[in-house]
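Numbering (our numbering), first residue to last: 3 to 645. Okay, so here's the structure we're looking at.
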């Protein structure tokens, strides 16, 4: 248990001549009335120490690093008196710190008694440079047509009215399916805008306007048409999804006209003919680095539905935790989720003295999947294999080749040996049982199996892997990965599922492209190359669609920067299909936002980094290129719900 002793760790990054990566200067301030000796300080940071044998230190002793976890001690005999501080310097970093979130994310002390004491941490400060605040990320905006629609439809010819109806309601004769669609969108609005005036009603409303609803198969999937008149609205839809999208658009327009009447109006006449640009309009959420309770996951799905996005990619496992209950292996959600000073997994990315856990029980998963399905959102689950599997290997140590040195390689994220070994047959037995339970939980025909960021020297020190390579004529790490992925693809096919993965699944010979969907994340050119190889592609390049990336180069702007700076305007105007020739355009299934959560320690950080870029991607996924308008988007997006 953590003690109540009070401490603060101040951290600053300083440039160092001859070393582009610079150095951290840490100052631990003792705000308690107790003198400390023989203690250890741990912090987590994505800016890691590089050389674990001889790190560059001043006034400290290096004890341990595991991925983002670092632990130091003061020099022998040091006593930290009440009101005093201990300052030490850490050099030899992997990369320079570029933003205020690149320093310590959490910290704690281990006292001489073995107890752990919480340490407060705030922003990284910049030494020896200008720490400028970022400029405004969103212009004021300007509308040429006064209607609050986001995404903007494929075609809209509308005339604005002077007022607006109190609410919209289905005309007499609406079917049960249609009434349920109205109810779903009304409930969605009330969840997202708890104090907003209800835009829909199931019963006639004084000063309201009736919607005449009719099914029209000729419109096609997800499509709809709206005809406006002073005495009512006619809504034709191709399927239930199209019906929901049309009702959502009407709710948006009425909400905008009511809340910002100086800018937005409701149509008195005109037409909207609409259908989505892409079939795959997705958003990914990483729940391994930070755990999101069920209500929070549902809230994000609600926001996706509001923006007419239709795919929720749920990243359920990574090095930091395994979040999906698997009844065959309960240790995955006991040993594989607990992070803390004395837990199976060390603290990472914001964890401190108090242990943290969290996972989704199977009944909770069913609830979330049903919630999404009611909103026309498909849940695509991901377990990340063979790499990013530290949590799984901690929970199931039988999956490790015992003859392999425990630190024979380090992954991209600094974890030692974080990949499932393709030469251990029990690996496939475990994954088979995991897939058996997943197919019962997730109706999606796709199961995402990750496949990203396996280090180039992985498995090369494993005698079992060497033997398999000799028997099968396999060359190198990526040849082994391809062998593994092909077996996984076959296992999924036996269960009636197709394989989805990150773009590295294609490495080393890849898998059968038929029916396989890969996500191009490393750079845009990868998507075109995958399409040439016969894969279906979803474009989600970090340089445009990763919502953890910083939005401005200023040091005071929070977020990651490995993929560059991604301002909202760049996300909005980016054209994922730009380099695809006509003969490969059908392979480009759509686009997806990715929410990686290393930096998302609070709800405010989530909102700052995700908005307005998530609705920008929603408009890129739905609206034809010629109908996009950055200034119009900037004006309308301010009406968006927040997380």
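We put the beta carbon where it would ideally sit given N, CA and C, even for glycine. From a predicted model like this one, the values you see are computed outputs, not experimental measurements.
I'd like to confirm the pairing. Which residues does DSSP put opposite residue 12 in its beta bridges? Residue 12 has 29 as its beta-bridge partners, per DSSP.
On a Cα-Cα basis, can you pick out the residue from 121, 170, 514, 366 that is closest to residue 300? Considering only alpha carbons, the answer is 366.
Mind checking residue 473: buried by the 16 CB within 10 Å criterion, or exposed? In this structure residue 473 is exposed. Its beta-carbon is surrounded by fewer than 16 other beta-carbon atoms within 10 angstroms.
Considering only the alpha carbon of each residue, which of 459, 477, 310, 500 lies closest to residue 450? It is 500 whose Cα lies nearest to the Cα of residue 450.
Can you give me the start and stop residues for the beta strand (DSSP E) that residue 54 sits inside? Following the DSSP letters along the chain, one finds residue 54 in no beta strand (DSSP E), marked with neither H nor E.
Take residue 3 and list the residues in its own chain whose beta-carbon comes closer than 6 Å to its own, dropping the five residues that flank it on each side. Reliability fails at residue 3, whose pLDDT of 45 lies under 50, so the model's placement of it is uncertain and the value that follows must be treated cautiously. If the five residues before and after residue 3 are omitted, its C-beta is found closer than 6 Å to no C-beta atom of its own chain.
DSSP puts residue 272 in a beta bridge; with which residues? BP columns for residue 272 point to 160, 230.
The beta strand (DSSP E) spanning residue 64 covers which residue range? Counting along the chain, the unbroken beta strand (DSSP E) around residue 64 starts and ends at 63-68.
So residue 89 is in the beta strand (DSSP E); what residue range does that whole segment cover? Per DSSP, residue 89 belongs to the beta strand (DSSP E) from 87-92.
For residue 329, which residues from the same chain have a beta carbon less than 8 Å from its beta carbon, with the 5 sequence-adjacent residues on both sides left out? Answer for residue 329: 364, 439, listed in chain order.
If I measure Cβ to Cβ from residue 269 and keep anything under 6 Å in the same chain, skipping five residues before and after, which residues do I get? Excluding residues up to 5 positions away in sequence, 160, 230 lie with their Cβ nearer than 6 Å to the Cβ of residue 269 in the same chain.
Cut-off 7 Å between Cβ atoms - residues of its own chain near residue 306, not counting five sequence neighbours on either side: In chain order, 285, 314, 379 place their CB closer than 7 Å to the CB of residue 306, counting only its own chain and leaving out the 5 sequence neighbours on each side.
If you compare alpha carbons, which of 331, 489, 16, 544 is closest to residue 132? For residue 132, the nearest C-alpha among the options comes from 16.
What first and last residue would you give for the alpha helix (DSSP H) that runs through residue 308? 296-308 is the extent of the alpha helix (DSSP H) around residue 308.
Where does residue 3 sit, in a helix, a strand or coil, going by DSSP? Note that residue 3 has pLDDT 45, beneath the 50 cutoff, so the model's placement of it is unreliable and the number below is only indicative. Coil at residue 3, not helix or strand.
According to DSSP, residues forming a beta bridge with residue 418: For residue 418, the pairing in a beta bridge is given by DSSP as 412.
Residue 202 to residue 162, Cα distance in whole Å? Spanning the two alpha carbons is a distance of roughly 20 Å.
Name the DSSP beta bridge partners of residue 114, please? Beta-bridge annotation (DSSP): residue 114 is not paired with any residue.
Across which residues does DSSP place residue 449 in a beta bridge pair? Looking at the DSSP assignment, residue 449 forms a beta bridge with 501.
With a Cβ-Cβ cutoff of 8 Å, do residue 548 and residue 594 count as a contact? Taking 8 Å as the cut-off, the Cβ atoms of residue 548 and residue 594 do not count as close.
Ends of the alpha helix (DSSP H) at residue 364? 364-376 is the span of the alpha helix (DSSP H), which, as asked, contains residue 364.
Buried or exposed: where does residue 105 fall if 16 or more other Cβ atoms within 10 Å of its Cβ makes it buried? Buried: at least 16 other Cβ atoms inside 10 Å.
Does the Cβ-Cβ distance between residue 538 and residue 589 come in under 8 Å? Yes.
Go through the region 541-598 residue by residue and report every complete run of the beta strand (DSSP E) that reaches 3 residues or more, in order. The region 541-598 contains these whole beta strand (DSSP E) runs: 590-597.
Give me the Cα-Cα distance between residue 634 and residue 522, rounded to the nearest whole angstrom. Rounded to the nearest whole angstrom, the C-alpha separation of residue 634 and residue 522 is 29 Å.
Alpha carbons only, please: which of 362, 575, 233, 51 is nearest the one belonging to residue 92? Nearest C-alpha to residue 92: 51.
Rounded to the nearest angstrom, how far is the Cβ of residue 618 from that of residue 645, given a contact under 8 Å? Not quite, the Cβ-Cβ distance comes to about 15 Å (not below 8 Å), so this is no contact.
In the DSSP assignment, what are the bridge partners of residue 519? In the DSSP assignment, residue 519 is bridged to 502, 538.
In the DSSP assignment, find the unbroken beta strand (DSSP E) run with residue 212 in it and report its ends. In the DSSP assignment, residue 212 falls within the beta strand (DSSP E) that extends over 211-217.
Mind checking which residues open and close the alpha helix (DSSP H) that includes residue 257? Where residue 257 is concerned, the enclosing alpha helix (DSSP H) starts and stops at 242-261.
Those residues which DSSP pairs with residue 619 across a bridge: Residue 619 pairs with nothing; no bridge assigned.
Tell me the DSSP bridge mates of residue 320? Partner(s): 323.
Under the three-state DSSP convention, the category residue 351 falls into: When DSSP states are grouped into helix, strand and coil, residue 351 belongs to the coil group.
If you run the structure through DSSP and keep just helix, strand and coil, what is residue 73? DSSP places residue 73 in strand when its eight states are reduced to three.
Below 8 Å between beta carbons: does that hold for residue 278 and residue 319? No, the Cβ-Cβ distance between residue 278 and residue 319 is not below 8 Å.
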